[in-house]
Structures are given as structure tokens and as C-alpha cells.
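Enquirer: My structure is below; once you've seen it, I'll send some questions.
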Amino acid sequence: MHKQVSGERAHILSQRILDIPETLYQRRSLEASLHLFHSPGQKIKFSQAEGASPSALSRFFNVYDWDSDRCWDEMQDIQWRILLDVAHSKRRPRLRLSVDLTTLEKVGTQLPYVSVYNGRHGIHLVALFAEYGALQFSISYRVYQGKHTSTPVTLALDLLEGVRHLDFEFVVGVRSNRRTDHPGRVTVADCPHGGYVNLANWSLETLSLGRVDRGDREFFAVSSELLEGDEIVAEGAHRWGVESFFKEGKHQFGLAQFALRTARGLDRWILMVFLAFTLTMLHRS
């Protein structure tokens with residue numbers, strides 16, 4: 001039954017997305033884009049699209065004023081509805097979350113959002129990835145826009161706050177040098193397994209901390225629900241074994257190779273990546 005429902009929702013999402021462009025020409029370009037990004041085992045190149053020329057797709061991504069914001073809304077609405085549906089039997093459903101920072105290494109002054117962060121020159125993306133049971137969704141992202149703008153940490157916290165507003169609990173991995181609000185330079189690495197922590201620049205409630213030593217590396221995770229340390233480790237173990245979505249996406253969806261030169265084009269390219277991943281998950285779940 002669940003597989004059937006998920007398949008129906010994949011069809012519903014596809015139709016809602018395809019109904020957004022106001023002209024037949026733009027709908028054809030969107031349909032060609034969805035098919036291109038949803039085709040496994042090939043690099044994403046406009047020249048491989050069926051039903052639309054490379055120049056038409058370039059204009060569709062970079063120039064035309066179709067409502068891509070509504071596409072994001074439709075996709076995220078379906079994602080959260082499904083996550084809430086499968087979690088309805090739990091009194092306090094708990095998501096596994098990944099907040100990944102990845103850099104698309106780029107040079108030149110014509111590309112949008114190119115900056116230097118941690119010594120790397122390129123476009124720096126912060127992405128939110130949610131998992132509940134067999135369901136895995138790439139939800140949303142933010143772009144680091146350089147000095148004197150919100151830091152990647154602030155962008156990640158912004159993404160997480162949206163999850164709490166939906167009444168989900170979460171477990172999310174954190175870096176060992178993530179600072180707490182204790183006086184002095186106290187990080188999570190200084191805090192005990194199972195202890196309570198308040199993170200610096202974190203506007204929400206107290207979190208509980210889990211830590212596990214994997215020999216060559218120690219992993220840390222925090223929970224919005226005040227769990228025992230071992231419970232947090234059990235929840236986070238699978239997340240720690242999952243490769244970064246965007247690092248994989250660089251190869252599967254051509255994120256590192258895209259030649260789009262506008263902020264609008266970048267946003268729509270990432271939208272297509274997320275839609276392809278979501279539709280694949282709905283068919284498989």
C-alpha cells in the first residue's frame with residue numbers, strides 16, 4: 001500500500017510541477033529538464049536533452065520568468081506531508097538530519113556567489129537532508145555569499161529551525177569544534193557523552209550530546225529531544241554512514257560541471273537535482 005501511495009504521489013508531484021509554466025513552450029522545456037535530470041547513469045548536459053534544444057534550456061534556466069519558487073514550495077509540501085504521514089504513529093517523531101557544506105570549485109568573476117571560504121574558491125552550498133525510516137529527501141539549501149554575510153553555520157541553523165517549527169525532533173551531526181555558549185572557548189569536544197549543551201548562536205532549546213570514537217575519528221551529534229547519549233549514537237550511526245548528498249550529486253547531476261552564469265540558473269539547476277532525487281525516492285520507497 002505504501003509503495004502504491006508513494007508512486008501516486010510521485011505522479012502528483014510531477015503533474016503539479018509541469019502545470020506551473022504558463023506557456024506550452026516553457027512546459028516542454030521543463031519536461032525535458034525533468035527527464036534529463038531523472039535519467040540515471042549519465043552526465044547532465046543540455047545537449048543530451050530530448051524535446052528541447054540546448055539554447056532553449058539555457059534560456060529556460062537563466063532567462064525566463066516561470067515560477068520556480070512555486071516548484072520549490074510544491075516539492076517541499078509533498079516531502080513534509082509524506083514525512084509527517086509515515087511518522088504519525090510516533091508521539092514525537094525524530095528525524096535524522098544532515099546539514100552538509102560543499103564547495104563547487106569555480107573561478108572567474110562572471111559566476112554567481114563565487115567566494116573564498118576555508119581557503120577554497122568557489123560556490124559554497126549548505127544543504128539540508130532529512131531521513132525518516134526508508135525515506136530520504138534533499139529538502140532545501142542556502143548559498144554562502146561571502147564576507148559580511150551570514151556564515152555557513154548561521155545558514156545551517158536557519159535550515160534546522162524550520163524543522164523544529166514542524167514539531168519534528170531531530171538528531172544531527174556536529175563538528176568537534178562547534179562552540180557552546182559556556183564562558184571561554186568551550187566546544188562540544190569538551191563536553192561529556194550524554195551531557196546537555198547549549199550551542200553558541202543557537203536560538204532554540206537545550207540539546208543533548210552523543211559522541212562515539214571510531215578509532216581514527218570521533219563523531220558528535222546533538223538531539224533536540226533530551227535523549228541518553230547512547231540513544232543519540234544509535235540514531236546518528238546511520239547518518240554517519242551516509243555519504244554527503246551533494247558530494248555524490250557533483251558526479252551524478254553534474255553540479256561541479258554546470259556552466260550556468262546566473263543566480264537564477266544556479267537555483268533552478270539545484271531545484272532539478274532535488275526534484276530528481278525526490279521523485280526517485282518516491283518511486284523506490
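For what it's worth, the UniProt record's numbering labels the leading residue of the sequence shown as 1, then goes sequentially.
Note that beta-carbon positions come from the ideal geometry of N, C-alpha and C, so glycine has one too.
(1) Where N198 and E131 are concerned, what is the direct C-alpha to C-alpha distance, given to the nearest angstrom?
(2) Flag this pair as touching only if the stretch 112-125 and the stretch 51-63 have three or more C-beta atom pairs under 8 Å; answer yes or no.
(3) Could you tell me the boundaries of the alpha helix (DSSP H) in which I78 lies?
(4) Answer yes or no: do H193 and G7 have a C-beta to C-beta separation smaller than 8 Å?
(5) Closest to L260 by CA distance: which of E74, I123 and S39 is it?
(6) Looking at the secondary structure, which residues open and close the beta strand (DSSP E) in which Y117 lies?
(7) Just mark A221 as buried or exposed, buried being the case when its beta carbon has 16 or more other beta carbons within 10 Å.
(8) I'd like the list of long-range same chain contacts for G229, defined as Cβ closer than 6 Å, with 5 residues on each side in sequence excluded.
(9) Would you kindly check if the distance between the Cβ of V86 and the Cβ of L135 is under 8 Å?
(10) Tell me whether V126, by its Cβ, gets closer than 7 Å to a heavy atom of the ligand PLP.
(11) What are the start and end residues of the beta strand (DSSP E) that includes S208?
(12) Nearest to T262 by alpha carbon, out of T23, S58 and E231?
(13) So who's on the other strand from G173, going by DSSP bridges?
(14) Roughly how many whole angstroms lie between the Cα atoms of R142 and V126?
(15) Round the Cβ separation of L159 and L128 to the nearest angstrom and send it over; I've been treating them as touching at under 8 Å.
(16) Throw me the rounded Cβ distance for the S140 and L271 pair, which I believe falls under 8 Å.
(17) Give me the Cα-Cα distance between A10 and D267, rounded to the nearest whole angstrom.
(18) Would you identify the three-state DSSP class for F168, choosing helix, strand or coil?
(19) Run the CB neighbour count on T206, radius 10 Å, all protein chains shown included, and call it buried at 16 or more, exposed below.
(20) Exposed or buried, what is R178 when buried is set at 16 or more other beta-carbons lying within 10 Å of its beta-carbon?
(21) With 16 other CB atoms within 10 Å as the buried threshold, where does Q15 fall?
(22) Starting from the C-beta of Y64, find all residues in its chain whose C-beta is less than 7 Å away, skip the five residues before and the five after it, and write them out in chain order.
Expert: So, from the listed chains and residues:
(1) In the sequence shown, counting from the first residue as 1, residue 198 sits at position 198. In the sequence shown, counting from the first residue as 1, residue 131 sits at position 131. Computed Cα separation, rounded: 24 Å.
(2) no
(3) Your numbering for residue 78 matches position 78 in the sequence shown. Per DSSP, I78 belongs to the alpha helix (DSSP H) from S68 to V86.
(4) As a first step, residue 193 is located in the sequence shown; it is residue number 193 there, counting from the start. As a first step, residue 7 is located in the sequence shown; it is residue number 7 there, counting from the start. No; because the gap between Cβ atoms is not below 8 Å, this pair is not in contact.
(5) Working through the sequence shown from its first residue, we reach residue 260 at position 260. With distances taken between Cα atoms, L260 lies closest to I123.
(6) In the sequence shown, residue 117 corresponds to position 117, counting from 1. Note, Y117: beta strand (DSSP E), S115 to Y117.
(7) As a position in the sequence shown, residue 221 is number 221, starting the count at 1. The residue in question, A221, is buried, as its Cβ has 16 or more Cβ neighbours within 10 Å.
(8) The count along the sequence shown starts at 1 and reaches residue 229 at position 229. Cβ neighbours of G229 beyond the five flanking positions: H193, G194 and G210.
(9) As a first step, residue 135 must be located in the sequence shown, where it is residue number 135. As a first step, residue 86 must be located in the sequence shown, where it is residue number 86. Taking 8 Å as the Cβ cut-off, L135 and V86 qualify as a contacting pair.
(10) Ligands in the displayed structure: none, and consequently the ligand PLP is not present.
(11) For the purposes of this step, residue 208 is taken as residue 208 along the sequence shown, with counting starting at 1. Residues L207 to D213.
(12) Stepping through the sequence shown from its first residue, residue 262 is reached at position 262. That would be S58, whose Cα lies nearest to the Cα of T262.
(13) The residue labelled residue 173 in the question sits at position 173 within the sequence shown. In the DSSP output, where bridge partners are listed per residue, G173 has A221.
(14) Within the sequence shown, the letter at position 142 stands for residue 142. Within the sequence shown, the letter at position 126 stands for residue 126. Straight-line Cα distance between these residues: approximately 5 Å.
(15) Translated into the one-based positions of the sequence shown, residue 159 becomes position 159. Translated into the one-based positions of the sequence shown, residue 128 becomes position 128. So it is a contact: roughly 4 Å between Cβ atoms.
(16) Sequence index remark: in the sequence shown, residue 140 carries index 140 (1-based). Sequence index remark: in the sequence shown, residue 271 carries index 271 (1-based). Going by Cβ atoms, the distance from S140 to L271 rounds to 10 Å, so no, they are not a contact pair.
(17) Here the question's residue 10 lines up with position 10 in the sequence shown. Here the question's residue 267 lines up with position 267 in the sequence shown. Each residue's alpha carbon lies about 22 Å from the other.
(18) By one-based count along the sequence shown, residue 168 stands at place 168. Coil, per DSSP.
(19) Taking the first residue of the sequence shown as position 1, residue 206 is located at position 206. The residue is exposed, with fewer than 16 neighbouring Cβ atoms inside 10 Å.
(20) On the sequence shown, residue 178 is found 178 positions in, with the first residue counted as 1. Buried, by the Cβ-count rule.
(21) Working through the sequence shown from its first residue, we reach residue 15 at position 15. Exposed, because fewer than 16 other Cβ atoms sit within 10 Å of the Cβ of Q15.
(22) As a first step, residue 64 is located in the sequence shown; it is residue number 64 there, counting from the start. So the list reads Q26, once near-sequence residues are dropped.
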